Structures are given as C-alpha cells and as structure tokens.
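Q: In this note's numbering, the protein residues as written are 1 to 289.
All residues carry an ideal CB built from backbone N, CA and C; glycine is no exception.
Small disclaimer: the values here were computed from a predicted structure and weren't measured.
For reference, the structure I am asking about is given below.
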C-alpha cells in the first residue's frame with residue numbers, strides 16, 4: 001500500500017476513534033445539574049409530612065427549594081440518552097437527547113417522594129437548570145427505550161386525588177412495584193409507564209386560562225391510558241402526574257443544539273414533535289399569564 005495512503009487511512013481511523021470516544025464521553029457525562037444531596041437533607045416521607053397541610057402555593061415553594069437545594073435521590077443524577085435517526089427531505093439526522101431516568105422526586109434513594117406538581121412549578125425548575133419538559137412524541141420514545149416498562153397502577157378517581165395523602169399512597173404503590181423489579185432494572189435505569197407526563201404542546205396556548213397538558217401512562221402493549229388532554233388548569237396536579245425533565249441541550253449529528261429551538265424550526269421540529277412546530281415550547285411561569 002502507498003505509504004501516504006496508509007498514513008491518511010491511519011489518521012482517519014484515529015480521528016474516528018477519537019470522535020467515537022468523545023461521543024461516548026458526552027453520553028456518560030450528562031448529569032442533573034443540582035448540588036450534591038446534603039447529609040442532613042430530609043427524607044421523602046418527612047417532606048410529605050411537612051407539606052401535607054400546606055396550600056398549593058406554599059407547597060410548591062417548598063418543592064422548589066428542596067429540588068434546587070439538591071434534595072433529589074442519587075439514582076436520578078445520571079441522565080439517560082435517547083438516540084434515534086430520522087431522514088427529513090434530503091438530510092439524515094442522528095439525534096441524542098438526555099432525560100431523567102425516572103420522574104422527579106424529593107428525598108433519598110431509600111426514602112423518596114415522586115411528587116406531582118403544577119406545570120408552572122415544573123417549568124420554573126426546568127428553566128432554572130437548563131432543562132425542558134417532553135413532548136408527546138418524546139414520551140413515546142422514552143417509553144420505547146425504557147429498560148423497565150412499569151404497569152400503570154391507577155387509584156379510583158375522587159376529590160382527594162389532588163391531595164398529598166393520595167399522592168403519597170400512589171408513591172408507596174410505585175415504590176413497592178419498583179422494588180419487585182430491582183433485579184431486572186436497578187435504580188438509575190430508565191423506567192416509564194407509571195405516571196402521566198406533563199408535556200409541552202401547542203395546546204398550552206390555545207385556551208385561556210392556560211391548561212396543563214398531560215399524556216401517557218402506557219399499558220404494557222404501548223397504548224397510553226391518557227391521550228393528550230388539556231382539560232385542567234395550569235394550577236392542577238393530581239397523584240397520576242409525573243415530571244420527566246429533559247436536558248435542553250441535544251446532540252444532533254454530533255453538534256450541540258437546543259430542543260426548544262429545534263421545536264420552533266419548520267423542518268427539524270419533527271425530530272421531537274408529532275404536532276408540527278411548537279412556537280412556544282414552554283409553560284408560562286405565572287398562573288395569571
């Protein structure tokens with residue numbers, strides 16, 4: 001073989017290996033950007049007791065402070081990659097985005113609370129750390145990629161379903177279900193199917209007052225219990241709702257981009273949305289908006 005050709009091929013192989021290792025490094029390095037959990041941070045059950053008698057505004061102030069202070073289980077810290085490819089017109093896009101392995105929780109790995117919250121609070125938390133909420137299309141992708149697809153465990157509907165006791169009751173049901181599957185999928189693996197997602201959608205801005213848009217809670221066959229629904233106000237949260245934070249930064253053909261920017265692009269929005277362009281890929285953070 002010609003020496004120059006050999007060197008060129010060798011250089012290309014080295015460069016390919018370097019890029020591959022760098023890419024793998026990026027996949028492994030994505031973490032939830034919160035402070036380490038303090039040694040004296042309260043447990044999920046203690047937090048539940050503290051907020052049980054609070055009104056929703058005071059409750060959500062407490063949730064915000066606990067999350068931003070880092071009182072989040074360690075198993076939620078390492079983000080999970082979702083990778084796919086799609087051809088749009090004459091271009092092929094290889095995309096990797098990063099998501100929480102489970103729904104947002106407060107507490108420790110042993111004693112945590114998958115705490116529902118309004119989309120107003122979810123958006124505030126997401127904005128504070130450079131994250132977003134998923135679209136319907138992304139919820140389906142996350143479910144398809146999950147190591148553990150948990151069967152939904154509904155509680156009969158009642159006026160109490162928006163209260164902390166019922167939210168905690170559901171949390172205990174899910175923890176029991178999760179414990180039974182630890183050998184199959186240890187804590188930190190990507191899990192889905194056990195909550196309805198609060199999602200980004202054009203429906204947020206189609207009515208006034210602004211609604212919360214929910215979707216998901218997939219059966220084992222992949223059919224969601226909850227189709228896209230926007231019938232509750234943005235101050236509503238019940239036991240079945242979960243907050244799956246998604247890192248806004250995304251790898252697209254090995255270049256960094258923002259999901260919220262791509263959702264506003266006529267062509268590339270279809271990478272993340274099955275309802276076309278989402279011009280406002282976020283919730284208002286003021287309930288009066």
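Given residue 276, which residues of its chain have a CB within under 7 Å of its CB, disregarding the five upstream and five downstream residues?
A: To locate residue 276, count along the chain shown from 1; it is residue 276. These residues qualify, in order along the chain: 269.
Q: For the ligand PLP, is there a heavy atom less than 7 Å away from the beta-carbon of residue 105?
A: In the structure on display, the ligand PLP does not appear, and there are no ligands present to speak of.
Q: Apart from the five residues just before and just after residue 54, which ones in its own chain have a Cβ nearer than 8 Å to its Cβ?
A: If you number the chain shown from 1, residue 54 lands on position 54. Excluding residues within five positions, the ones whose Cβ falls inside 8 Å are 62.
Q: Express the C-alpha separation of residue 87 and residue 152 in angstroms, rounding to a whole number.
A: Walking along the chain shown from the start, residue 152 turns up at place 152. Walking along the chain shown from the start, residue 87 turns up at place 87. The straight-line gap from Cα to Cα measures roughly 33 Å.
Q: How would you label residue 184, buried or exposed, when you count the other beta carbons within 10 angstroms and need 16 or more for buried?
A: The residue you call residue 184 lines up with position 184 of the chain shown. Flag for residue 184 reads exposed.
Q: Among 130, 198, 224, 37, which residue has its Cα nearest to the Cα of residue 109?
A: On the chain shown, residue 109 is found 109 positions in, with the first residue counted as 1. Of 130, 198, 224, 37, the residue nearest in Cα terms is 37.
Q: Using the rule of at least 16 other Cβ atoms within 10 Å of the residue's Cβ for burial, across every protein chain shown, is residue 180 buried or exposed?
A: If you number the chain shown from 1, residue 180 lands on position 180. Classification of residue 180: exposed, given that the 10 Å Cβ count is below 16.
Q: Please check the pair residue 239 and residue 228, which I expect to be a contact at CB under 8 Å, by giving their CB distance rounded to whole angstroms.
A: Along the chain shown, read from residue 1 onward, the residue named residue 239 stands at position 239. Along the chain shown, read from residue 1 onward, the residue named residue 228 stands at position 228. The pair is not a contact, with the Cβ atoms about 20 Å apart (cut-off 8 Å).
Q: Exposed or buried, residue 71, counting other C-beta atoms within 10 Å across all chains shown (16 or more means buried)?
A: In the chain shown, counting from the first residue as 1, residue 71 sits at position 71. It is buried - the Cβ of residue 71 has at least 16 other Cβ atoms within 10 Å.
Q: Going by C-alpha to C-alpha distance, which of 267, 243, 259 sits closest to residue 76?
A: Against the chain shown, residue 76 aligns to sequence position 76. Answer by Cα proximity: 243.
Q: Taking all protein chains shown into account, do 16 or more other C-beta atoms lie within 10 angstroms of the C-beta of residue 273, making it buried, or fewer, making it exposed?
A: Taking the first residue of the chain shown as 1, we reach residue 273 at position 273. So residue 273 counts as buried.
Q: May I have a chain-ordered list of the alpha helix (DSSP H) segments no shorter than 4 residues that lie completely inside the stretch 74-133?
A: Counting whole runs of 4 or more residues, the stretch 74-133 contains the alpha helix (DSSP H) stretches 119-129.
Q: Between which residues of its own chain and residue 47 is the CB-CB distance below 7 Å, once the five residues before and five after are set aside?
A: On the chain shown, position 47 is the one that residue 47 refers to. Excluding residues within five positions, the ones whose Cβ falls inside 7 Å are 66, 106, 107, 113.
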